[in-house]
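Undergrad:
2 protein chains.
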Amino acid sequence: MTGRPTGAPATGGTARAARDAANARAVARLTGARPVLETVALAGDVVPGMTGRTILVSGPPMPWREYEGGQRRAVIGAALHEGLARDEAEAEKLLADGTITVRPSHDHATVGSLTGVCTASMPVVVVRDEASGRRAFCRMNEGADRASLTFGVWDDGVGARLRHVTDVVSPALAEVLRHLGGLPLTPLIRRALAMGDDLHSRHKAAGALFRAAVLDAVLDLSRGGVTERHRALAAYLRSAEYLFLHLVMAAAKAAADSASGIAGSTLVTAMNLNEKWFGLRVSGLGDRWFTAPLPPVSTLRGRLYDGRTTDDLAYVGGESLITETVGLGGMAAAAAMPLQDHSAGTPPEMLRLTERMYRITLAEHPEYRIPALAYRGVPCGIDVLRVAGTGVVPAIHLGATLRDGGHAGAVLFHPPLEPFRQAAALLSAQPPHTPTTPV
Amino acid sequence: MTGRPTGAPATGGTARAARDAANARAVARLTGARPVLETVALAGDVVPGMTGRTILVSGPPMPWREYEGGQRRAVIGAALHEGLARDEAEAEKLLADGTITVRPSHDHATVGSLTGVCTASMPVVVVRDEASGRRAFCRMNEGADRASLTFGVWDDGVGARLRHVTDVVSPALAEVLRHLGGLPLTPLIRRALAMGDDLHSRHKAAGALFRAAVLDAVLDLSRGGVTERHRALAAYLRSAEYLFLHLVMAAAKAAADSASGIAGSTLVTAMNLNEKWFGLRVSGLGDRWFTAPLPPVSTLRGRLYDGRTTDDLAYVGGESLITETVGLGGMAAAAAMPLQDHSAGTPPEMLRLTERMYRITLAEHPEYRIPALAYRGVPCGIDVLRVAGTGVVPAIHLGATLRDGGHAGAVLFHPPLEPFRQAAALLSAQPPHTPTTPV
Chain A
1 MTGRPTGAPA
11 TGGTARAARD
21 AANARAVARL
31 TGARPVLETV
41 ALAGDVVPGM
51 TGRTILVSGP
61 PMPWREYEGG
71 QRRAVIGAAL
81 HEGLARDEAE
91 AEKLLADGTI
101 TVRPSHDHAT
111 VGSLTGVCTA
121 SMPVVVVRDE
131 ASGRRAFCRM
141 NEGADRASLT
151 FGVWDDGVGA
161 RLRHVTDVVS
171 PALAEVLRHL
181 GGLPLTPLIR
191 RALAMGDDLH
201 SRHKAAGALF
211 RAAVLDAVLD
221 LSRGGVTERH
231 RALAAYLRSA
241 EYLFLHLVMA
251 AAKAAADSAS
261 GIAGSTLVTA
271 MNLNEKWFGL
281 RVSGLGDRWF
291 TAPLPPVSTL
301 RGRLYDGRTT
311 DDLAYVGGES
321 LITETVGLGG
331 MAAAAAMPLQ
341 DHSAGTPPEM
351 LRLTERMYRI
361 TLAEHPEYRI
371 PALAYRGVPC
381 GIDVLRVAGT
391 GVVPAIHLGA
401 TLRDGGHAGA
411 VLFHPPLEPF
421 RQAAALLSAQ
431 PPHTPTTPV
Chain B
1001 MTGRPTGAPA
1011 TGGTARAARD
1021 AANARAVARL
1031 TGARPVLETV
1041 ALAGDVVPGM
1051 TGRTILVSGP
1061 PMPWREYEGG
1071 QRRAVIGAAL
1081 HEGLARDEAE
1091 AEKLLADGTI
1101 TVRPSHDHAT
1111 VGSLTGVCTA
1121 SMPVVVVRDE
1131 ASGRRAFCRM
1141 NEGADRASLT
1151 FGVWDDGVGA
1161 RLRHVTDVVS
1171 PALAEVLRHL
1181 GGLPLTPLIR
1191 RALAMGDDLH
1201 SRHKAAGALF
1211 RAAVLDAVLD
1221 LSRGGVTERH
1231 RALAAYLRSA
1241 EYLFLHLVMA
1251 AAKAAADSAS
1261 GIAGSTLVTA
1271 MNLNEKWFGL
1281 RVSGLGDRWF
1291 TAPLPPVSTL
1301 RGRLYDGRTT
1311 DDLAYVGGES
1321 LITETVGLGG
1331 MAAAAAMPLQ
1341 DHSAGTPPEM
1351 LRLTERMYRI
1361 TLAEHPEYRI
1371 PALAYRGVPC
1381 GIDVLRVAGT
1391 GVVPAIHLGA
1401 TLRDGGHAGA
1411 VLFHPPLEPF
1421 RQAAALLSAQ
1431 PPHTPTTPV
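First to last, the protein sequences are chains A and B.
The first sequence begins at 1 in our numbering and counts up by one.
The second sequence begins at 1001 in our numbering and counts up by one.
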């Protein structure tokens, strides 16, 4: 099954035909991906290019000195957790002189939630796209606590929870996945879309389905008795509401990577942010980032915990936007009415939000469908030309972080139009050509 | 003559005030119910008035000789299963002479799915309304097989599956519920309504949440090893898609019973059907059934399995309509877009179906809410006067049964208007009075 292309903007006939062909290939890769959760492993053992002194972060590349907020706190925390420095001052020094290297996750087949920090000794989920054979990675969710490295907080409690997830929960989950021979994610995502999840800000259905599947496997493994490790896994699954987000992120990254590097394709293959910049990549333009400054946090819309307002927020990076890249999250708002207060506001506005996204996408996903739109496939394959032509930007459901760190709720985020325009202008200026080599 | 409000009967102010007060009490009981799944037990041990020779059936009372289809097959099957007769001929004889008694479930605090047959040795779920202290019962779901006593089929396979549920699955579930100290159902129902369930024809979310909760408890109980019984329970939960329906039915019956018998109240407290008749009860008219012949099966709307059409169907009884009585099922169609093909047809029609139901109901449920209607409470507390006044009948999501027995899918059912009119006429003719004794 592949996605159904829905037309293309008017350009010269030859250029247009080449672009349509390139986009058809990109869409086929994006929608044909069949992600399987293989295992959980230490980043240092599986993430390509990872070294003992690498710290991955979310977002387009930015010089270390420019990190000032939650990502800086998280990187320093990660350095201490990894034992790369004895204290903050030493960490600062080693980061400044490049002994510790801060690297963009996306260049390591990895995506990060919010700050996105990941070091060699931290566990990552490993998702393989069976269609392309590509693997992608995302750090294991730290659990339910609002204070975490993900949300820009580092203290002893964060460290202890991280060690628990590394030493106890992750090996137990890896054992379950070995027993299951991997877990296909497409059926879970498909079912969750019919159960009120957008698969970015809401994972209640997917989480329940995943949890039941894992617990069943634990029972299978426990004829002789349930180990403490498995009981810890069960306890973790009861509360780690966003674990499934990390699985979907890795799945989406594998799919998006499989659609990248197709000459002439105008399909967006990544969107992310660091503390200051929004960035995107386009299939036909390879690994180049197109960036623009982030809009003020006061422009975000959504309901926050504890009566906080958007003025209390700060950007700390984030690559969960990879879910929107494959048509989930804000693109699939119409599937997730329970998110209305965290998104467009009312049920009709949730429907209109998704309906607007069909104007800027190349396809409707053949597997991911929305019951409230009579099972229409989610709008999938964002086209920079359509975004530039219409001025409509992707709708993104984003986790919100407090200025001083910590989970603050979920909001609706509209990225800046400028990087889509830059990429569109560059692609329009390129001479028409057809791909000549397999990618 | 002067005009009167739509839906309200032409009566004097006193009668209306008394009726409003009675209905306010009835609604408070109906919506204030807090059902808890207590245990699973043998019907003979817990169902009031149950004897070794009682067979419960769904629907308003009908003489035994008039049962000709699926309910007759199921009653005879139940008699054989119970060991009350050696063969069909003897069962027929004992049923004809009254040695075996066929009794309406509703008179035994019980509701039955489809045929609704239940004998003393069969397990029932026990639900207690913590607000009123009332208990209600529904036979354990027989599992995923389309052939079952519920769907009017009796053979050796049906018998074997029934024994497995009785001897293995039910004791294991009872043990889990003992360990949990009972399981409150309101939170599960509330969450499932935000996850695409109507809690009549669809229970995928509630089932996943229930299954995860049960599996967690099984792990707690299995430190020394997982028993075969618990593994059988886990296997049953993987496939018994409509188990949760039986829990909701018992919950709804307890709530509806707590709202019944309130003098002057025009609130519907039961709707059901046997092979031939639709029936309803009204709070202010106690246990009296108001009935009308069922409409032809060709008037049903919905998608069936294996390309079957409504012409292949037959009525076999059913009391799952008790879910509509508390505002779920077809009343909550707007919450369950995945059911569109089995119900009103399109998403906008699903919304309109529920919106129409507010015209005939007295309240919006304070706990059961619909995200797609901006979290409006489900239309709850069907008012026979409003039904009679508007001609709008309750929308019901019904399981469909083949003529020869077996599960055929799910359909939208509109009950006949006549019994609502009869009850409304009787209530309007009664002298106005206020309740003087607690009920």
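No residue lacks a Cβ here, since even glycine has one placed at the ideal position from N, Cα and C.
Note that this is a predicted model, so its numbers are computed, not measured.
Using beta-carbon positions only, say whether H470/A and R403/A come within less than 8 angstroms of one another.
TA: No information on residue 470/A is available, as it lies outside the stretch 1 to 439 that chain A covers here.
Undergrad: Counting only Cβ pairs nearer than 7 angstroms, list the residues of chain B close to T337/A.
TA: Per the sequence shown, residue 337/A should be read as Met rather than Thr. Ordered by position in chain B, the residues that pass the 7 angstroms Cβ test against M337/A are P1371 and A1372.
Undergrad: Determine whether the Cβ of D216/A lies closer than 8 angstroms to any Cβ atom of chain B.
TA: It does: the Cβ of D216/A has a partner Cβ on chain B nearer than 8 angstroms.
Undergrad: Could you list the residues in the segment 181-204 of chain A with a C-beta less than 7 angstroms from some C-beta on chain B, going in chain order?
TA: Result list: A194, M195, G196 and K204.
Undergrad: Compile a chain-ordered list of the residues in the segment 1344-1360 of chain B whose CB is closer than 7 angstroms to at least one CB of chain A.
TA: Those residues of the segment 1344-1360 of chain B that come within reach of chain A (Cβ to Cβ, closer than 7 angstroms) are T1346 and P1347.
Undergrad: Just the C-alpha distance for V316/A and G182/A, rounded to the nearest angstrom, thanks.
TA: When rounded, the distance between both Cα atoms is 32 angstroms.
Undergrad: What do you get for T1436/B, buried or exposed, if any count of 16 or more other CB atoms within 10 angstroms of its CB means buried?
TA: Model confidence at T1436/B stands at a pLDDT of 40, short of 50, so the residue's coordinates are unreliable and nothing is read from them.
Undergrad: Taking DSSP's pairing of strands, which residues face H1407/B in a bridge?
TA: Paired residue(s): T1401/B.
Undergrad: Would you kindly check if the distance between the Cβ of L185/A and the Cβ of V127/A is under 8 angstroms?
TA: Contact: yes.
Undergrad: Measure the C-alpha to C-alpha separation of R1229/B and G225/A and round it to an integer number of angstroms.
TA: About 14 angstroms.
Undergrad: Taking all protein chains shown into account, decide if K93/A is buried (16 or more other Cβ within 10 angstroms of its Cβ) or exposed.
TA: Exposed: under 16 other Cβ atoms inside 10 Å.
Undergrad: Considering just the uninterrupted stretch of the alpha helix (DSSP H) at G1032/B, what are its terminal residues?
TA: Run containing G1032/B: G1013 to G1032, per the alpha helix (DSSP H) assignment.
Undergrad: Let me know if T1346/B comes out buried or exposed under the rule of 16 or more other beta-carbons within 10 Å of its beta-carbon.
TA: Classification of T1346/B: exposed, given that the 10 Å Cβ count is below 16.
Undergrad: For a contact defined as C-beta to C-beta under 7 angstroms, what are the partners of L209/A on chain B?
TA: Under the 7 angstroms cutoff, chain B gives A1208.
Undergrad: Can you name, in chain order, every residue of its own chain whose Cβ lies under 6 angstroms from the Cβ of P1371/B, other than the five neighbours on each side?
TA: Taken in chain order, the residues that qualify are A1194.
Undergrad: Can you list, in chain order, the stretches of the beta strand (DSSP E) that have 3 or more residues and sit fully within the segment 1311-1398 of chain B?
TA: With a minimum length of 3 residues, the continuous beta strand (DSSP E) runs that stay inside the segment 1311-1398 of chain B are 1361-1370 and 1376-1382.
Undergrad: Within a Cβ cutoff of 6 angstroms, which residues of the same chain sit near T1059/B, ignoring the five residues on either side of it in sequence?
TA: As written in the sequence, residue 1059/B is Gly, which differs from the Thr given in the question. Correct list, in chain order: N1272, L1273, N1274 and G1317.
Undergrad: With H, G and I counted as helix, E and B as strand and the rest as coil, what does DSSP make of L1427/B?
TA: Here L1427/B sits in helix by DSSP.
Undergrad: Ignore the nearest five residues each way along the sequence and tell me which others in T323/A's own chain have a CB closer than 7 angstroms to its CB.
TA: The answer, listed in chain order, is L199, H200, V248, M249, A252 and G329.
Undergrad: Three-state secondary structure (DSSP) at L189/A?
TA: Here residue 189/A turns out to be Ile, not Leu, going by the sequence shown. I189/A: helix per DSSP, three-state reduction.
Undergrad: Applying the criterion that 16 or more other CB atoms from any shown protein chain within 10 Å of the CB defines a buried residue, is G264/A buried or exposed?
TA: Label assigned to G264/A: buried.
Undergrad: Looking at chain A, is there any beta carbon in it that lies within less than 8 angstroms of the beta carbon of V1226/B?
TA: With 8 angstroms as the cut-off, V1226/B counts as an interface residue toward chain A.
Undergrad: Are the C-beta atoms of Q1340/B and some chain A residue less than 8 angstroms apart?
TA: So yes, Q1340/B belongs to the interface.
Undergrad: So who's on the other strand from N1272/B, going by DSSP bridges?
TA: Answer is G1279/B, bridged to N1272/B.
Undergrad: Please state whether DSSP places F1244/B in a helix, a strand or coil.
TA: In this structure, F1244/B counts as helix in the three-state DSSP scheme.
Undergrad: Quick one: using the 10 Å Cβ neighbour count with 16 as the cut-off for buried, is T1309/B buried or exposed?
TA: Burial call: exposed.
Undergrad: Under a CB-based cut-off of 8 angstroms, is A1212/B close to chain A?
TA: At least one chain A Cβ lies under 8 angstroms of A1212/B.
Undergrad: Which residue from L1267/B, V1057/B, K1276/B and L1114/B puts its Cα closest to that of P1394/B?
TA: Of the candidates L1267/B, V1057/B, K1276/B and L1114/B, the one whose C-alpha sits nearest the C-alpha of P1394/B is L1267/B.
Undergrad: What does the alpha-carbon distance come out to for the pair G389/A and L362/A?
TA: Taking the straight line joining both Cα atoms gives about 14 angstroms.
Undergrad: Using a beta-carbon distance below 8 angstroms, is R1231/B in contact with chain A?
TA: Yes, contact with chain A.
Undergrad: State the CB to CB distance for the pair G207/A and E241/A, rounded to an integer number of angstroms; the pair is presumed to be in contact (CB under 8 angstroms).
TA: That belief holds up - the Cβ atoms of G207/A and E241/A are roughly 6 angstroms apart, short of 8 angstroms.
Undergrad: Does the CB of H433/A have a neighbour CB from chain B at under 8 angstroms?
TA: Residue confidence is low: H433/A scores 49 on pLDDT, short of 50, so the model does not pin down where it sits. Its coordinate-derived value is still stated next. No, its Cβ sits nowhere closer than 8 angstroms to a Cβ of chain B.
Undergrad: Quick one: is A234/A near chain B, going by C-beta distance under 8 angstroms?
TA: It does: the Cβ of A234/A has a partner Cβ on chain B nearer than 8 angstroms.
Undergrad: For chain B, is any of its Cβ atoms less than 8 angstroms away from the one on R223/A?
TA: Taking Cβ atoms only, chain B reaches closer than 8 angstroms to R223/A, which makes this a yes.
Undergrad: Which same chain residues, not among the five before or five after L294/A, have their C-beta less than 7 angstroms away from its C-beta?
TA: Result list for L294/A: L273, K276, W277, F278 and Y315, in chain order.
Undergrad: I'd like to check one pair, A1131/B with R1034/B: are the Cβ atoms closer than 8 angstroms?
TA: The answer is yes: Cβ separation under 8 angstroms.
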